[in-house]
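Below is one structure, written out as structure tokens, with a few remarks after it.
Protein chains in written order, with the numbering used here: chain A, 48 to 380; chain B, 48 to 380.
Right under this line is the structure:
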């Protein structure tokens with residue numbers, strides 16, 4: 048397992064420097080911490096700060112930009128940013144209208160973002176947060192708050208960014224962002240492991256012909272380990288599990304993301320989407336928007352996840368606002 | 048090696064169906080052949096048709112859209128589209144102003160696109176072509192016409208698309224597109240093989256700690272096989288080889304693409320770019336635009352390529368026109 052790095056200890060720092068430098072038209076790096084900051088922020092609005100562990104690129108830094116996040120606070124590989132990094136990043140984009148934090152629902156992130164909010168509150172900065180818990184394989188429906196956040200993050204950030212830009216108050220932005228979160232479900236299947244850069248070993252093991260449904264982005268246990276199956280079977284299995292968990296019915300409109308976990312090709316994601324679309328058509332569910340990309344990854348992990356966000360008039364309004372970030376761009380409609 | 052497919056014989060067909068369906072806001076599929084066609088084409092202009100073998104997604108279909116290609120003719124995995132597919136795709140977007148074909152310089156593509164141009168000429172349709180031969184590892188400078196086309200395709204298509212939209216004649220579009228091609232060089236390094244979907248075996252072999260500089264997208268031999276090296280050494284080696292081949296000097300402006308070959312992460316591409324930018328800064332070369340993405344891939348191949356296009360006023364004018372396709376979008380400036 049070869050990783051294109053210099054020194055395991057400098058991976059995050061060097062990669063953020065490179066990313067910010069490549070997209071310097073849009074990004075600056077916080078001078079002191081690993082925060083990626085949007086240059087052309089809209090003024091006088093609630094600020095959206097996202098963040099989490101590194102190693103899942105382009106999540107989170109890749110979604111800083113127009114109509115999405117104002118900044119991303121980046122932790123070490125698969126580790127939450129510390130409260131200092133979160134606070135410094137938030138200060139840098141504060142407009143006096145409050146800060147909404149959006150991040151994945153992991154113990155370390157919850158702890159550190161909560162600590163940061165306490166510090167900011169002491170300084171008179173109003174904050175709120177929405178934890179993304181879209182992975183319906185990671186806990187049963189009665190314990191959604193124990194679920195992990197995976198690729199559904201992208202939809203939630205999209206809605207939150209548009210709501211901030213629309214000039215909503217912090218409380219209003221939080222409410223619509225929670226609705227986006229509550230209307231989004233994801234589930235994935237792992238076909239091969241990722242690795243921690245520099246450690247030179249896989250994050251988990253899977254047999255030559257084995258796959259695992261519901262496995263987490265860091266190798267957290269899934270719901271079923273089985274033999275490799277044809278693409279249409281993989282797609283249908285995920286679809287059935289998603290729909291069991293989600294109040295989607297004939298006549299509804301949804302956004303779909305088929306997300307590669309790292310080494311899965313656009314060709315493979317396309318074959319999966321073909322089947323998902325066939326199933327949605329069969330069930331009378333209309334696709335408003337679909338995306339086939341590797342947006343929330345775990346290094347070179349193989350496999351993919353399917354995320355579905357159910358739209359209503361309000362979510363659709365915000366989803367349809369244009370956005371432009373280096374790794375996620377939508378024309379308005 | 049697990050591939051997320053159904054049947055090796057249907058991989059290309061099913062993936063095109065899925066891709067077109069996901070991005071149906073922009074795409075339609077040709078009813079008879081594997082051609083991907085842009086829905087919202089500008090009228091009364093030269094049409095840009097790109098194409099080549101499948102398996103390198105998002106190349107070529109992913110670059111059909113606003114300010115880029117009007118259509119892509121798609122072959123089987125790593126195989127040129129046949130002349131019939133090319134002709135049918137060209138007919139579908141013909142506006143009576145002529146067709147420019149842009150494709151990678153491979154024997155099969157050259158043969159089939161030439162045959163298609165002959166057929167179209169017989170029907171009174173004016174055509175021209177620009178073959179992309181950016182891979183400077185694949186033949187010495189005195190034989191640039193023997194070089195292969197790799198990720199530099201993206202820059203050449205960007206310029207060609209903008210020139211078509213600007214209302215230039217076929218001859219003018221061809222001339223500026225050739226300039227873009229002549230000003231673009233790429234070189235890559237492979238760290239692990241890709242595979243042919245369904246064949247279940249790697250396209251080439253590399254030892255556990257081996258890499259190969261200059262290896263082609265289909266496993267064509269490179270210029271040097273050696274041991275794995277730190278990211279900065281890989282970046283500098285490619286940079287030195289590029290600059291040896293390319294008339295770039297202090298004061299010049301360039302566009303840079305650090306392109307992942309399949310399973311290489313954005314984190315790794317960012318670390319590479321950090322070094323490339325340091326070297327360009329040292330040499331006084333200014334970066335006008337940079338992109339860190341996996342745009343021209345060979346399935347789950349590991350490694351990356353660096354492409355540099357030297358700008359002049361004319362190329363910059365066209366590069367700065369906005370474009371929007373599912374896998375490559377630029378805001379205007």
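We put the CB at the ideal spot given by N, CA and C, even for glycine.
Asked                                                                                                                                        : Found
Chain-order list of residues whose beta-carbon lies under 8 Å from that of residue 276 of chain B (same chain, five-residue window excluded) : 258, 284
Delimiting residues of the alpha helix (DSSP H) encompassing residue 288 of chain A                                                          : 278-292
Contact with chain A by residue 97 of chain B, beta-carbon distance below 8 Å                                                                : no
Rounded straight-line distance, which links the Cα of residue 198 of chain B to that of residue 104 of chain A                               : 21 Å
Members of the stretch 273-285 of chain A that neighbour chain B once the beta carbon cut-off is set at 8 Å                                  : 275, 277, 278, 279, 281
Per-residue burial, residue 210 of chain A [other beta carbons within 10 Å of its own, 16 or more giving buried]                             : buried
First and last residue of the uninterrupted beta strand (DSSP E) at residue 250 of chain B                                                   : Where residue 250 of chain B is concerned, there is no enclosing beta strand (DSSP E), given that its DSSP letter is neither H nor E.
Under 7 Å by beta carbon: chain A residues contacting residue 250 of chain B                                                                 : Those do not exist, as residue 250 of chain B stays about 13 Å from chain A at its closest Cβ, beyond 7 Å.
Contacts that residue 311 of chain B makes with chain A (C-beta to C-beta distance below 7 Å)                                                : 51
is_contact[residue 346 of chain A, chain B] using C-beta, thresh 8 Å                                                                         : yes
Anticipated Cβ contact below 8 Å, residue 206 of chain B with residue 227 of chain B, distance rounded                                       : 4 Å
Minimum Cβ-Cβ distance from residue 270 of chain A to chain B less than 8 Å                                                                  : no
Sub-8 Å separation of residue 62 of chain A and residue 314 of chain B beta-carbons                                                          : yes
Whole-Å CB distance - residue 185 of chain A paired with residue 263 of chain A, under 8 Å assumed                                           : 6 Å
Reference residue 177 of chain A; option with closest CA among A:118, A:279, A:100, A:95                                                     : A:95
Alpha carbon of residue 356 of chain A to alpha carbon of residue 203 of chain A, nearest angstrom                                           : 9 Å
Contact under 8 Å by Cβ, residue 51 of chain B with residue 278 of chain A                                                                   : yes
Contact between the stretch 99-119 of chain A and the stretch 162-173 of chain A (3+ Cβ pairs under 8 Å)                                     : no
Short CB-CB distance (under 8 Å) between residue 376 of chain B and chain A                                                                  : yes
Endpoints, beta strand (DSSP E) assigned at residue 74 of chain A                                                                            : 74-76
Stretch pair the stretch 246-254 of chain A + the stretch 316-323 of chain B: three plus CB contacts closer than 8 Å                         : no
Three-way DSSP call (helix, strand, coil) for residue 71 of chain B in this model                                                            : coil
Cβ-Cβ separation, residue 370 of chain B to residue 336 of chain B (assumed contact under 8 Å), whole Å                                      : Incorrect: roughly 12 Å between the Cβ atoms, too far for contact.
Residue 317 of chain A, enclosing alpha helix (DSSP H) - first and last residue                                                              : 313-329
As assigned by DSSP and simplified to three states, the class of residue 95 of chain B                                                       : strand
Within 8 Å, strictly: CB atoms of residue 267 of chain A and residue 195 of chain A                                                          : yes
Own chain, CB closer than 6 Å to residue 241 of chain B, minus 5 neighbours either side, in chain order                                      : 250, 309, 345, 346, 347, 348
Exposure label - residue 190 of chain B; buried when at least 16 CB within 10 Å                                                              : exposed
Proximity of residue 77 of chain A and residue 136 of chain A at Cβ, strictly below 8 Å                                                      : yes
Contact set between the stretch 289-307 of chain B and chain A, restricted to residues whose Cβ is under 9 Å from the partner                : 303, 305
Neighbour flag for residue 127 of chain A against chain B, beta carbons, 8 Å                                                                 : no
CB of residue 97 of chain B within 8 Å of CB of residue 149 of chain B, strictly                                                             : yes
Per-residue DSSP class, three states only, for residue 189 of chain B                                                                        : helix
Through-space distance from residue 224 of chain B to residue 72 of chain A, alpha-carbon basis                                              : 26 Å
Rounded C-alpha distance that separates residue 153 of chain B from residue 92 of chain B                                                    : 28 Å
Within-8 Å CB hit, residue 263 of chain A to chain B                                                                                         : no
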